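Inspection log for the structure reproduced underneath, given as structure tokens.
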Amino acid sequence: MMLIGLATTALQAQEKPTMVRVEVDGLSCPFCAYGLEKHFTDLDGVKDVVIDIKKGLLTFQVDDPAKINEALIRKTVKKAGFTPRSVVYEKEEKSDKTKG
Amino acid sequence: MKKKKKVIKPKVRNLAIALFTLCVACSPPSRWQFKKLIRLEGCSPVGIAATSGGLWVSDAASNRLLKISYEGDVLEELKGFQRPMHLSLAGEDSVLVANYLTDEVVLLENGRRSAWPLNRQVNAPAGAAFNKGWLAVADFYNHRILLQKDSMTLSVGGQGHEPGRLYYPTDVDFSEGNLLVADAYNNRVQVFDLSGNFLKIIGENDNIRTATGIATDAKKLIATDFEGNRVLLYSPKGKLLEVLKDSLRNPSDVVIWKKQLFVANYANGSIAVFERS
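Heads up: the sequence lines are chains A and B, in that order.
Counting in this note's numbering, the first sequence runs from 4 upward without gaps.
Counting in this note's numbering, the second sequence runs from -16 upward without gaps.
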């Protein structure tokens, strides 16, 4: 039982984080754009926050999509002064190093 | 041979004085004219401050400050800031940096950086100004100005659209013993006294789309209209004197140094330089 538990933990540790892409309108002003970045940087469980001002796109990584769920993301975007458009979770495929 | 001294007849002299006075009265007032663009490769300037040694420019996108000469040469690059926004002088060669992500106002003095002690927590400081012991901080997400002197602390504004209320303030300055605020998303400039009392609104009828930056000198108040691609110059009483448009692309901040006016063009990575005609 203990071995199964350890194996599960090890597998979880190997899990790649989920990339989240959020489309937001009105990111032209630096105070707004970096304010949005600030709100997500301050969220526990969010990392690698990147703002693409020209594309109006916010991307970041989450380890636990259930914790950083869509409702929380939309609420945080609104708190930063924006209206979110799409919120997309992009789970990266695990690479199989034994192949090839 | 002794030269004979020329004597101007009083009538002629009076006529000359009258003509000169007439010419001065009839000539158009001097205007600011676009002189040149200083291009800053890979830079998105937000804040600008002028010293005798050159211009300090904040590059929020790259988390750095640049010091450039008045001719446009990069003299110094300081990295390690966290989305630095507006800049202002706290003394000769002492620059206040609004470090947006860390909720700090950083004093840059003789190459050393130190966090200016704030009496209250702020959320995303967008600009700061210091004058005669008073520190003002544009507290962007709290929609207020933190105004402090020693242990005395005032919260000026608060979220709203009515006179005296603020909506995402981005810059502050002091003038004639008053506090000026770039009330960015209320599209206006507001004036308060140092007790935090609302005094007046400037620019509310001038179709400002986003008032992000302000600067003052003895004779005028200057505001940048970020979305409107304009810089507006007002008299101290708030009368619109002049509007600058040439070569402005999302102007975020402005400063006057001697006989030149410098505008930080956020969108195209440049500083627009204007001179009196």
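Every residue gets a Cβ at the ideal spot worked out from N, C-alpha and C, and that includes glycine.
Nothing here was measured: the structure is a model prediction, and the numbers come from that model.
- DSSP lists R259/B as the bridge partner or partners of W15/B.
- Judged by DSSP in its simplified three-state form, F85/A adopts coil rather than helix or strand.
- Between the region 45 to 56 of chain A and the region 230 to 247 of chain B there are fewer than three C-beta pairs closer than 8 Å, too few to call the two in contact.
- Distance between L90/B and E93/A, taken at the CA atoms: about 42 Å.
- Assignment of I191/B by DSSP, reduced to helix, strand and coil, places it in the coil class.
- Flagged as an interface residue toward chain B: Y37/A, by a C-beta distance shorter than 8 Å.
- The CB of S235/B comes closer than 9 Å to the CB of C32, P33 and F34 in chain A, given here in chain order.
- Close partners of A112/B in chain A (Cβ separation under 9 Å) are lacking, with about 16 Å as the shortest Cβ gap.
- Here DSSP, grouped into helix, strand and coil, assigns I56/A to coil.
- I71/A sits in coil when the DSSP states are folded into three classes, being neither helix nor strand.
- Counting other Cβ atoms within 10 Å of its Cβ, R22/B stays below 16 and is therefore classed as exposed.
- Secondary structure of A111/B (DSSP, three-state): strand.
- The Cβ atoms of D122/B and H69/B lie no closer than 8 Å to each other.
- When secondary structure is reduced to three states using DSSP, L215/B falls in the strand class.
- Here F64/B has S41, N46, R47, L48, V80, N82 and V89 as same chain residues with Cβ atoms under 8 Å from its own Cβ, once five neighbours each way along the sequence are excluded.
- Assignment of beta-bridge partners to L49/B by DSSP yields V40/B and E60/B.
- Residue ranges of uninterrupted beta strand (DSSP E) with 3 or more members, entirely inside the region 107 to 194 of chain B and ordered along the chain, are 108 to 114, 117 to 122, 127 to 132, 135 to 140, 154 to 158, 161 to 166, 171 to 176 and 181 to 185.
- In the DSSP annotation of this structure, E24/B is not part of any alpha helix (DSSP H), being labelled neither H nor E.
- Per DSSP, L227/B is one residue of the beta strand (DSSP E) stretching across L223 to L227.
- The alpha carbon of D47/A has as its nearest neighbour, out of N72/A, T86/A and L30/A, the alpha carbon of N72/A.
- Taking CB atoms only, L84/B has a neighbour in chain A less than 8 Å away.
- Burial is judged here by how many other beta carbons sit within 10 angstroms of a residue's own beta carbon; P234/B has at least 16 and is buried.
- The alpha-carbon of T207/B is positioned some 53 Å away from that of K(-8)/B.
- Interface annotation, T62/A: not in contact with chain B, CB-CB separation never under 8 Å.
- The beta carbon of D156/B is closer than 6 Å to those of A112, L163, I197 and T199 in its chain, skipping five residues each way along the sequence.
- At least 8 Å separates the beta-carbon of R96/B from that of L84/B.
- Under a criterion of Cβ atoms nearer than 7 Å, the residues of chain A adjacent to A109/B are, in order, F34.
- Rounded to whole angstroms, N170/B and I185/B show a C-alpha spacing of 10 Å.
- Beta-bridge partners assigned by DSSP to F63/A: V23/A.
- Looking at the DSSP output, S77/B sits in a beta bridge with G74/B and E92/B.
- Closest in C-alpha terms to L58/B, from the list G36/B, V78/B and S77/B, comes G36/B.
- L244/B is bridged by DSSP to I239/B and F257/B.
- Residue environment: T79/A is assigned as buried (16 or more neighbouring CB atoms within 10 Å of its CB, all protein chains considered).
- Per DSSP, the unbroken beta strand (DSSP E) holding P28/B starts and ends at P28 to T34.
- If you check the CB distance, T62/A and R24/A come in under 8 Å.
- Within 8 Å of the CB of R259/B, no CB atom of chain A is found; the nearest one sits about 30 Å away.
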